[in-house]
């Protein structure tokens, strides 16, 4: 199950406040507003979290758009994106006990289920899309007439992702895996 050094109390000390991650930086909400997120099993406050509003979403979308247009992710080879997604899966695996405990604290699932069902599926999902990153293909359907007909596969840009409460890490992986594999950037709204 979990190691003796990993406990809910040790994690609660690490996650007292939650900030917004925008443009690679942890920041407060522009309004300064926050809300408390409770532990489902005790009702105690786990953390005080920044409450994003329209201005914060606009900043996040603008940062994701700039990262897409100017950053390396959308321009790097599909093979390299696949390698990095595989590395992400390795990191999730290496930290699976801590991630399972955080997910369990947040949504109230039994730790056994999070550790032995959800996290292995997260890792499998990321590895799956890592393998597909350089294998995306399809048909170009011919048209009548004297036309040049082709299919151009390229990242579409910024993707919006909304994650529900019941399988937060797994559903994030379901959305992030294909988005990362195809070279897109994202604004992700996690479960509260």
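Residue numbers (this note's numbering): 947 to 1138. Note that beta-carbon positions come from the ideal geometry of N, C-alpha and C, so glycine has one too. On a predicted model such as this, the values are computed, not experimentally measured, just so you know.
- Sequence-distant Cβ neighbours of residue 1102 in its own chain, meaning closer than 7 Å and more than five residues away, are 1130.
- When secondary structure is reduced to three states using DSSP, residue 998 falls in the coil class, being assigned neither helix nor strand.
- For residue 1069, the closest alpha carbon among the candidates 1036, 1096, 963 and 1077 is that of 1036.
- The shortest CA-to-CA distance from residue 977 to any of 986, 996, 991 and 1113 is the one to 996.
- Between residue 1079 and residue 1118 a beta carbon distance of about 18 Å is seen, past the 8 Å cut, so the two are scored as non-contacting.
- Taking a cut-off of 8 Å on C-beta distances, the region 1049–1066 touches the region 1108–1118, as three or more cross pairs fall below it.
- Boundaries of the beta strand (DSSP E) harbouring residue 982: 980–984, taken from the DSSP string.
- Take residue 985, set aside five residues on each side of it, and the residues of its chain with a beta-carbon closer than 7 Å to its own are 992 and 1051, in chain order.
- DSSP places residue 1048 in the uninterrupted alpha helix (DSSP H) bounded by 1042–1053.
- Within the DSSP secondary-structure output, residue 973 pairs in a beta bridge with 966.
- Its chain contains 986 and 987 as the residues whose beta carbon lies nearer than 7 Å to that of residue 1054, once the 5 sequence neighbours on both sides are disregarded; these appear in chain order.
- Of the other Cβ atoms in all chains shown, fewer than 16 fall within 10 Å of the Cβ of residue 1093; this residue is therefore exposed.
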